[in-house]
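J.: Numbers 1 to 175, taken from full-length UniProt numbering, label the letters of the sequence shown in order.
For glycine and all other residues, C-beta sits at the position ideal for the given N, C-alpha and C.
Attaching a single structure in structure tokens format; questions to follow.
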Amino acid sequence: MDTIQPSTIDHPNHVASFHFNLTSTVHRPGWKDSILQLPKKWLSTSEATDEFGFPQMLPKVPVPTVEQTMAEYLRVLQPIVTPQQLDRTKSIIKQFSATIGPGLQEYLLARRETEDNWAYHYWLNDMYMDNPLPLPINSNPGMVMPPRKFTTVNDLAQFAAQLIDQLMDHKEMLE
């Protein structure tokens, strides 16, 4: 049976080099604060507002137990692996759960206490920074905007026009 060796717990942080490369090629003042901070702002905040603008405390992202994670891993693997591969995976999971799994669980629980969202940096690196694929066609970013109350059709049209204008400014900046 193979022995599981713990590798680095944290992903390498490529944000600094990405930030340097991006800022050295774009000369629009202030853009980096608004663009590069958006994913963190959207994903790592533990405070939001309700429809009336009052603060609403959201719970932090839970850390599943090692058992829950391993059970889910087996569930998604079962349809795509052979019975022999599944048996081998089960033995590796058993070894992992008895050795480094609890330590990694404690690490994530400690990280949950110090971070707004313990999964944010992993998500950012896995989905964007470490992904060599062209992001516009291989990712599906979304944005939630606060609710707005438009009193007239003109207010709605003005908001839509400003949104489109800003999107086009962003597109021009990227080109």
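1. Enumerate, from N- to C-terminal direction, the unbroken beta strand (DSSP E) stretches of 3 or more residues contained entirely within the UniProt domain "Choline/carnitine acyltransferase" (61-175).
2. So what's Leu-58 in DSSP terms, helix, strand or just coil?
3. Excluding the five sequence neighbours on either side, which residues of its own chain have a C-beta within less than 6 Å of the C-beta of Gln-105, listed in chain order?
4. Classify Leu-58 as buried or exposed, calling it buried when 16 or more other Cβ atoms lie within 10 Å of its own Cβ.
5. Determine, using beta-carbon pairs with one atom in the segment 87-94 and one in the segment 67-74, whether at least three such pairs fall under 8 Å.
6. Using only the alpha-carbon positions, how far apart do Ala-160 and Met-168 sit?
7. In chain order, what residues of the same chain lie with their CB nearer than 7 Å to the CB of Leu-109, ignoring the 5 residues before and after it?
T.: Judging by the given coordinates:
1. none
2. coil
3. Val-66
4. exposed
5. yes
6. 12 Å
7. Excluding sequence neighbours, Leu-109 sits near Val-63.
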